[in-house]
Amino acid sequence: MSNCPTCEIAIAVPADAVEGEILACTGCDAELEVIQLDPPSLCLAPEMDEDWGE
Amino acid sequence: MRIAFLASRVRAEEKLLLEAYAARGVDVLRVDPRRIDLRVDSLRGGAEWDDVAVVHDRSISFATSAHLVEALESRGMNCVNTSRVIRTCGDKMRTSLALARAAVPQPHTRVAFSPEQALEILEHELGYPAVIKPTVGSWGRMVARLNDRDAAEAVLEDRAVLGNWTHRTIYLQQLVDKPGRDIRAFVIGEQVIAAIHRHSEHWVTNTARGATTSNCSLSLDLVEIASAAAKAVGGGILAVDLVEDPQQGLLVLEVNHGMEFRNSIEATGVDIAAEMADFVLAQAGMLVGGGVR
Ligand SMILES: Nc1ncnc2c1ncn2[C@@H]1O[C@H](COP(=O)(O)OP(=O)(O)O)[C@@H](O)[C@H]1O
Ligand SMILES: [Mg+2]
Ligand SMILES: [Zn+2]
Chain A
30 MSNCPTCEIA IAVPADAVEG EILACTGCDA ELEVIQLDPP SLCLAPEMDE
80 DWGE
Chain B
-1 MRIAFLASRV RAEEKLLLEA YAARGVDVLR VDPRRIDLRV DSLRGGAEWD
49 DVAVVHDRSI SFATSAHLVE ALESRGMNCV NTSRVIRTCG DKMRTSLALA
99 RAAVPQPHTR VAFSPEQALE ILEHELGYPA VIKPTVGSWG RMVARLNDRD
149 AAEAVLEDRA VLGNWTHRTI YLQQLVDKPG RDIRAFVIGE QVIAAIHRHS
199 EHWVTNTARG ATTSNCSLSL DLVEIASAAA KAVGGGILAV DLVEDPQQGL
249 LVLEVNHGME FRNSIEATGV DIAAEMADFV LAQAGMLVGG GVR
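Just so you know, the sequences run in chain order A and B.
Residues 30 to 83, numbered by the numbering used here, are exactly what the first sequence covers, in order.
Residues -1 to 291, numbered by the numbering used here, are exactly what the second sequence covers, in order.
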């Protein structure tokens, strides 16, 4: 479990999560990045940049 | 021997790729470009790279990809895709030129370096409706349809005033009257491994914009044009976007060097991540006779 840095709701980080993975907050829909696994820690994912893409 | 996997944002695609490598028993060094410290005043140092046989780049940022891969190549590392391919595919004008050199069919396309000249081209060469695109951009972002002179003036002024420096190169294209869908062909090495149709009510049919996908059968024409397009930009692991023009047939819009494919696996029944992983391993001689060495 970890908390959303925006709305503070508790979020279950899936067991198969990896560092860098993006999760959607169930409370506020924010994009969260898994920055640490043990113990799980989340931060707000970076905003999309102009040169991001495929 | 191991492979280096470059990724900051781990999307569904990166998870599938990491799973594919794990299933093959491959030792993967995960590298987050945001935390990398790479010497560029010397081509030595950085012991963690010593036993890396091949680099699989999945960076989401074009600038990061192009620079980081070039820096690694200068140390003699084998990277998929290569920095030359990334630079070509990340810039729509360079892509058009590469396609033109290889005589791969594409829509009528022009480049202007001032809004005034862009209007001249629209009025006298391309006509309306036309399409304007940023040279660097993806997911259908800022791809705009210019129905008439008024729309063109408005968009051109907006980009000149509010756009960044990359918008100084104005990339203009004939609007192709496509049948409510486009085609994306996945090309790995020499081979077209799968293709999808992307359907949308909107004329911009990126899945990032909500388009739905269905399988597209691999016609001889499609295979020929998609593989020629991939070869034209330098080859590797690529996704070629095409449209069907009622008169001119298949035309290539762009080639993507960092493709997303999560919505294409079920539609095509092809394990795209597995095909990608096997190709990367083969580049390092790590795949022999269907198994990992
Ligand atoms: N010249 C065009 N005629 C018709 N549709 C186009 C044209 N250019 C782009 N599109 C539509 O817009 C989408 C995005 O364009 P594309 O060139 O692939 O840029 P992006 O890099 O943003 O994906 C295409 O998939 C297609 O549906
Ligand atoms: Mg595209
Ligand atoms: Zn939240």
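Beta carbons are placed, not taken as given, at the ideal position from N, Cα and C, and that holds for glycine.
Around residue 51 of chain A, the beta-carbon contacts reaching into chain B at under 8 Å are 7, 8 and 9.
Proximity of the beta carbon of residue 256 of chain B to ligand 2 is not indicated: no heavy atom of the ligand is located closer than 8 Å.
Distances between the C-beta of residue 72 of chain B and the heavy atoms of ligand 2 are all 8 Å or more. Taking 9 Å as the cut-off, the Cβ atoms of residue 87 of chain B and residue 76 of chain B do not count as close. Contacts between residue 38 of chain B and chain A, judged by CB atoms closer than 7 Å, are missing: the closest CB pair is about 20 Å apart. Between residue 134 of chain B and residue 80 of chain A, the gap from beta carbon to beta carbon is short of 9 Å. With the rule of 3 Cβ pairs closer than 8 Å, the segment 175 to 191 of chain B counts as touching the segment 231 to 239 of chain B. For the options B/177, B/25 and B/32, the alpha carbon positioned closest to that of residue 198 of chain B is the one of B/177. Per DSSP, residue 169 of chain B is one residue of the beta strand (DSSP E) stretching across 168 to 172.
Counting only residues of its own chain and dropping the five nearest sequence neighbours on each side, residue 46 of chain A has a CB closer than 7 Å to the CB of 63 and 66. Residue 137 of chain B has its CB nearer than 8 Å to a heavy atom of ligand 1. The criterion of a C-beta distance shorter than 9 Å is satisfied by residue 28 of chain B and residue 49 of chain A. DSSP, read as helix, strand or coil, puts residue 31 of chain B in helix. With contacts defined by Cβ atoms closer than 9 Å, residue 170 of chain B and residue 96 of chain B do not form a contacting pair.
Residue 113 of chain B and residue 158 of chain B have their C-alpha atoms some 7 Å from each other. Of the heavy atoms belonging to ligand 1, none sits nearer than 8 Å to the Cβ of residue 52 of chain A.
When the beta-carbon positions are compared, residue 83 of chain B and residue 233 of chain B come within less than 9 Å of each other. Residues of the segment 258 to 286 of chain B with a C-beta atom less than 8 Å from some C-beta of chain A are 258, listed in chain order. Counting the other Cβ atoms within 10 Å of the Cβ of residue 116 of chain B gives 16 or more, which makes it buried. With a cut-off of 8 Å on Cβ pairs, the segment 61 to 77 of chain B is in contact with the segment 23 to 37 of chain B, counting three or more such pairs. Residue range 218 to 230 is occupied by the alpha helix (DSSP H) that includes residue 229 of chain B.
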